[in-house]
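One structure below.
2 protein chains.
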Amino acid sequence: MSVRGFGVFDDGAGARVGWREGDRVVDLAAAGFGDVFARPSLNPFLALGRPTWEEALELIDALPGDAPSVALGDSEARLPFEVADYVDFYSSIEHATNLGRLFRPGSEPLLPNWRRLPVGYHGRAGTVVVSGTDVVRPSGQTRPAGDGRPPFGPTQRLDIELELGFVVGTGSRLGDRIAPGAFADHVFGVVLVNDWSARDIQAWEYQPLGPFLGKSFATSISAWVTPLALLEPFRVAGPEQIPAPLAYLAGGDDWALDLDLSVELNGAPISRTRARDVYWTMPQQLAHATVNGASTRTGDLMATGTISGSDPGTFGSLIELTWNGARPLTLADGRERTFLEDGDTVVLRGGAGDLELGEVAGTIVPQ
Amino acid sequence: MSVRGFGVFDDGAGARVGWREGDRVVDLAAAGFGDVFARPSLNPFLALGRPTWEEALELIDALPGDAPSVALGDSEARLPFEVADYVDFYSSIEHATNLGRLFRPGSEPLLPNWRRLPVGYHGRAGTVVVSGTDVVRPSGQTRPAGDGRPPFGPTQRLDIELELGFVVGTGSRLGDRIAPGAFADHVFGVVLVNDWSARDIQAWEYQPLGPFLGKSFATSISAWVTPLALLEPFRVAGPEQIPAPLAYLAGGDDWALDLDLSVELNGAPISRTRARDVYWTMPQQLAHATVNGASTRTGDLMATGTISGSDPGTFGSLIELTWNGARPLTLADGRERTFLEDGDTVVLRGGAGDLELGEVAGTIVPQ
Numbered sequence: 013m014s015v016r017g018f019g020v021f022d023d024g025a026g027a028r029v030g031w032r033e034g035d036r037v038v039d040l041a042a043a044g045f046g047d048v049f050a051r052p053s054l055n056p057f058l059a060l061g062r063p064t065w066e067e068a069l070e071l072i073d074a075l076p077g078d079a080p081s082v083a084l085g086d087s088e089a090r091l092p093f094e095v096a097d098y099v100d101f102y103s104s105i106e107h108a109t110n111l112g113r114l115f116r117p118g119s120e121p122l123l124p125n126w127r128r129l130p131v132g133y134h135g136r137a138g139t140v141v142v143s144g145t146d147v148v149r150p151s152g153q154t155r156p157a158g159d160g161r162p163p164f165g166p167t168q169r170l171d172i173e174l175e176l177g178f179v180v181g182t183g184s185r186l187g188d189r190i191a192p193g194a195f196a197d198h199v200f201g202v203v204l205v206n207d208w209s210a211r212d213i214q215a216w217e218y219q220p221l222g223p224f225l226g227k228s229f230a231t232s233i234s235a236w237v238t239p240l241a242l243l244e245p246f247r248v249a250g251p252e253q254i255p256a257p258l259a260y261l262a263g264g265d266d267w268a269l270d271l272d273l274s275v276e277l278n279g280a281p282i283s284r285t286r287a288r289d290v291y292w293t294m295p296q297q298l299a300h301a302t303v304n305g306a307s308t309r310t311g312d313l314m315a316t317g318t319i320s321g322s323d324p325g326t327f328g329s330l331i332e333l334t335w336n337g338a339r340p341l342t343l344a345d346g347r348e349r350t351f352l353e354d355g356d357t358v359v360l361r362g363g364a365g366d367l368e369l370g371e372v373a374g375t376i377v378p379q
Numbered sequence: 013m014s015v016r017g018f019g020v021f022d023d024g025a026g027a028r029v030g031w032r033e034g035d036r037v038v039d040l041a042a043a044g045f046g047d048v049f050a051r052p053s054l055n056p057f058l059a060l061g062r063p064t065w066e067e068a069l070e071l072i073d074a075l076p077g078d079a080p081s082v083a084l085g086d087s088e089a090r091l092p093f094e095v096a097d098y099v100d101f102y103s104s105i106e107h108a109t110n111l112g113r114l115f116r117p118g119s120e121p122l123l124p125n126w127r128r129l130p131v132g133y134h135g136r137a138g139t140v141v142v143s144g145t146d147v148v149r150p151s152g153q154t155r156p157a158g159d160g161r162p163p164f165g166p167t168q169r170l171d172i173e174l175e176l177g178f179v180v181g182t183g184s185r186l187g188d189r190i191a192p193g194a195f196a197d198h199v200f201g202v203v204l205v206n207d208w209s210a211r212d213i214q215a216w217e218y219q220p221l222g223p224f225l226g227k228s229f230a231t232s233i234s235a236w237v238t239p240l241a242l243l244e245p246f247r248v249a250g251p252e253q254i255p256a257p258l259a260y261l262a263g264g265d266d267w268a269l270d271l272d273l274s275v276e277l278n279g280a281p282i283s284r285t286r287a288r289d290v291y292w293t294m295p296q297q298l299a300h301a302t303v304n305g306a307s308t309r310t311g312d313l314m315a316t317g318t319i320s321g322s323d324p325g326t327f328g329s330l331i332e333l334t335w336n337g338a339r340p341l342t343l344a345d346g347r348e349r350t351f352l353e354d355g356d357t358v359v360l361r362g363g364a365g366d367l368e369l370g371e372v373a374g375t376i377v378p379q
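Protein sequence lines correspond, in order, to chains B and Y. So in my numbering, the last one in the first sequence is 379, and the numbering has no gaps at all. So in my numbering, the last one in the second sequence is 379, and the numbering has no gaps at all.
So this is what it looks like as structure tokens:
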């Protein structure tokens with residue numbers, strides 16, 4: 013398995029677009045691909061549209077062995093694209109069910125809207141960071157006992173969320189919709205996403221308008237964007253949807269991705285799961301996000317929400333893996349973990365067959 | 013009263029920064045202010061920081077009467093700045109109380125967190141539009157009767173939200189906080205904001221992650237940004253806050269703004285209210301948004317949330333003005349209104365003394 017994808021690297025001669033192929037990064041501008049690759053962001057290339065993306069991939073397939081490149085270790089990866097808007101969905105039925113069970117015990121775990129639409133919200137685009145960026149433990153208010161003064165301090169319940177995200181290449185105008193069938197005309201590729209979450213901050217703040225500071229301190233993404241075209245061999249039918257979705261969400265159900273995903277904590281796997289089980293597909297997410305006529309832009313990032321399977325070893329967050337802290341994990345060194353401690357390193361990985369997505373690594377540092 | 017502020021205008025010779033003074037727009041680049049004003053966005057100027065903003069205002073005060081300018085009517089206003097992230101707060105205690113009464117009758121209208129922190133969430137930056145842009149009536153799912161199929165179609169409960177927003181000029185780094193006292197070092201100025209809302213779409217989608225498609229179709233802002241420095245004469249103490257806020261929110265309570273605000277529907281006023289009654293001040297909003305270490309960027313827009321006073325004639329949304337449709341307004345032409353109809357035009361205005369903020373106008377058009 014090796015990572016293949018577009019990103020931005022800097023080997024000391026300035027940040028520019030590269031193509032990662034295993035442990036090498038091809039310098040696309042130096043290889044004659046054009047000035048659009050001499051930029052410190054993928055956005056200008058993404059904006060050129062699908063025919064150009066396909067042409068670039070054909071040229072990459074024909075690259076000579078001596079194309080100008082640098083060793084991965086001799087360069088630093090940068091945020092691959094400027095994030096326009098960041099939307100986070102909640103599309104794994106197992107994850108939504110688990111959280112419903114944890115937070116509303118005794119009632120139906122899925123809310124009535126969940127099977128009717130891909131629930132989502134906007135996150136903070138400006139704090140999306142590239143894999144490898146340290147994550148500063150955030151401080152905030154948490155729920156007080158009774159009517160007392162809310163405690164303030166570093167979060168004690170710092171969590172991860174294993175997600176996949178797609179990146180919009182060519183946007184859409186205000187008032188227009190993107191049908192599920194037009195997904196691949198607009199979307200350039202995918203990244204792994206770790207939507208770091210401070211559960212105690214979130215629990216106190218989130219009524220009635222949703223998550224804010226419990227999420228906005230950092231969201232980590234892969235340094236390398238995997239083009240959709242490379243994922244075609246792994247397209248499969250998504251899970252059956254009951255009841256049948258409304259007309260604007262119909263179709264696009266052949267865009268589930270048969271990718272294996274995993275979470276490592278301090279070097280040892282703590283979860284293995286599958287992307288194909290996500291209930292709402294990416295084309296459905298994009299169709300929903302635009303059905304009200306909202307425009308989209310180059311660099312829009314939309315993520316699945318935490319991806320969990322049905323067994324405890326397949327959950328995509330610590331709040332599920334430890335069942336809200338009640339069942340600590342035992343790490344390789346014999347120590348226990350409920351939520352993250354300073355110095356912990358989390359790595360998300362994903363891939364299928366010979367294709368690996370860019371990993372997402374992050375280490376927790378104190379404030 | 014006359015509008016004074018920075019914006020972007022196009023008289024056919026290309027979009028560039030202008031200074032609006034009543035019914036004229038001074039062409040700042042042509043007036044020798046520098047190349048940063050020849051750009052189609054305020055962002056490069058905003059990024060230069062407070063000393064440069066102050067210097068520009070001094071030069072503007074000294075402008076000769078024959079400085080190069082165009083008549084307002086001979087030019088088109090553009091979106092004045094590129095919006096980085098858009099955050100919307102919920103900072104009017106009267107508004108939050110009204111919505112609590114409407115949606116949770118019989119229980120305490122304010123949720124326990126409301127007096128402890130400025131509740132807020134992220135909106136869609138890419139659909140912030142300039143005053144004068146038509147608003148396409150959005151479609152979406154709404155709550156079904158019982159377990160049935162959700163109706164889908166154009167919103168029947170299209171509403172406005174009268175708000176003030178502040179614009180970040182110089183941002184802050186990941187991991188840093190902006191104390192209330194540093195507000196004016198980071199924030200360039202304010203705009204009026206109409207956060208259009210589809211109440212029926214919002215009511216069905218918003219649990220548990222907050223508003224999404226019910227808000228993301230359009231948010232209108234003034235074409236002209238009023239620099240903070242011009243608002244200094246109207247700074248007043250904010251409302252008393254009980255209980256006292258936590259330390260990180262203390263201070264900044266001398267940054268309430270004594271501005272009169274109004275809403276016009278089809279040319280006739282339907283609400284008049286005051287900005288000074290907003291419970292959480294703008295410096296407190298910014299301090300809260302960054303207390304978890306979230307970075308800020310040039311162009312970040314943070315809005316107050318709907319501003320309502322205590323009397324029915326001072327409410328900032330139709331859902332409050334008509335008490336969820338139960339008490340229709342009678343317009344000047346004798347017709348009744350609960351929510352907006354196609355062809356309706358809403359104009360938000362604000363000002364104090366001789367200073368007027370840029371108005372926010374929008375007309376509803378069918379899809």
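Glycine is no exception: its CB is placed at the ideal position from the N, C-alpha and C atoms.
Rounded separation between residue i and residue j - CA only
i: Y/Ala108; j: Y/Trp236; result: 28 Å
i: B/Gly438; j: B/Ile331; result: Nothing can be reported for residue 438 of chain B: it is not among the residues displayed for chain B, which extend from 13 to 379.
i: B/Ser81; j: Y/Asp73; result: 55 Å
i: Y/Thr12; j: Y/Val202; result: Nothing can be reported for residue 12 of chain Y: it is not among the residues displayed for chain Y, which extend from 13 to 379.
i: Y/Gly152; j: Y/Ala230; result: 14 Å
i: Y/Ser184; j: Y/Tyr98; result: 16 Å
i: Y/Pro130; j: Y/Thr293; result: 9 Å
i: B/Val148; j: B/Pro162; result: 22 Å
i: Y/Tyr218; j: B/Gln296; result: 18 Å
i: Y/Leu91; j: Y/Asp266; result: 30 Å
i: B/Glu252; j: B/Gly112; result: 21 Å
i: B/Asp22; j: Y/Gly44; result: 38 Å
i: Y/Leu240; j: Y/Glu88; result: 24 Å
i: B/Val248; j: B/Asp289; result: 10 Å
i: B/Leu204; j: Y/Glu175; result: 37 Å
i: B/Glu33; j: Y/Ala194; result: 46 Å
i: B/Asn206; j: Y/Asn55; result: 30 Å
i: Y/Pro220; j: Y/Gly158; result: 19 Å
i: Y/Ala301; j: B/Ile213; result: 13 Å
i: B/Ser104; j: B/Trp126; result: 10 Å
Short Cβ contact (8 Å threshold) for residue i with residue j
i: B/Asp356; j: B/Pro378; result: no
i: Y/Ala287; j: Y/Leu298; result: no
i: B/Phe49; j: B/Ala59; result: no
i: Y/Phe327; j: Y/Asn110; result: yes
i: Y/Gly61; j: Y/Thr182; result: yes
i: Y/Gly311; j: Y/Ala68; result: no
i: B/Ala344; j: B/Ala259; result: no
i: Y/Ala315; j: Y/Gly226; result: no
i: B/Trp216; j: B/Thr154; result: yes
i: Y/Ile233; j: Y/Val358; result: no
i: Y/Phe224; j: B/Tyr102; result: no
i: Y/Thr375; j: Y/Asp146; result: yes
Any non-hydrogen atom of the ligand FMN within 7 Å of residue i CB
i: B/Ile376; result: The ligand FMN is not among the ligands present in this structure, which contains no ligands whatsoever.
Closest by C-alpha distance to residue i, when choosing among the options
i: Y/Leu242; options: Y/Leu367, Y/Ile172, Y/Asp35; result: Y/Leu367
i: Y/Leu84; options: Y/Ile105, Y/Arg347, Y/Gln253, Y/Gly17; result: Y/Gly17
i: B/Ser320; options: B/Gly181, B/Leu261, B/Glu173; result: B/Glu173
i: B/Thr334; options: B/Arg90, B/Leu313, B/Arg349, B/Arg149; result: B/Arg349
i: Y/Phe57; options: Y/Leu75, Y/Gly19, Y/Gly26; result: Y/Gly19
i: Y/Val180; options: Y/Gly158, Y/Val37, Y/Glu94, Y/Asp159; result: Y/Glu94
i: B/Pro150; options: B/Arg211, B/Pro192, B/Asn125, B/Ala196; result: B/Arg211
i: Y/Gly24; options: Y/Asp39, Y/Trp31, Y/Ser14, Y/Met13; result: Y/Asp39
Residue-level contact to chain C via CB, residue i, 8 Å cutoff
i: Y/Phe351; result: Here the protein chains are B and Y, and chain C is not one of them.
Q) Residue ranges of each beta strand (DSSP E) run of no fewer than 3 residues wholly in the region 122 to 156 of chain B, ordered along the chain? A) 132 to 135, 140 to 142, 151 to 153
Q) Are the region 187 to 200 of chain B and the region 304 to 313 of chain B touching, with three or more C-beta to C-beta distances below 8 Å? A) Contact annotation: the region 187 to 200 of chain B touches the region 304 to 313 of chain B, with at least three C-beta pairs closer than 8 Å.
Q | Touch test, the region 153 to 168 of chain Y against the region 130 to 141 of chain B, Cβ-Cβ under 8 Å, three pairs minimum | A | Because the criterion of three Cβ pairs below 8 Å is not met, the region 153 to 168 of chain Y and the region 130 to 141 of chain B do not touch.
Q: Please list the segments of the alpha helix (DSSP H) lying wholly inside the region 168 to 241 of chain Y, counting only runs of 4 or more residues, in order along the chain.
A: 195 to 198, 211 to 217
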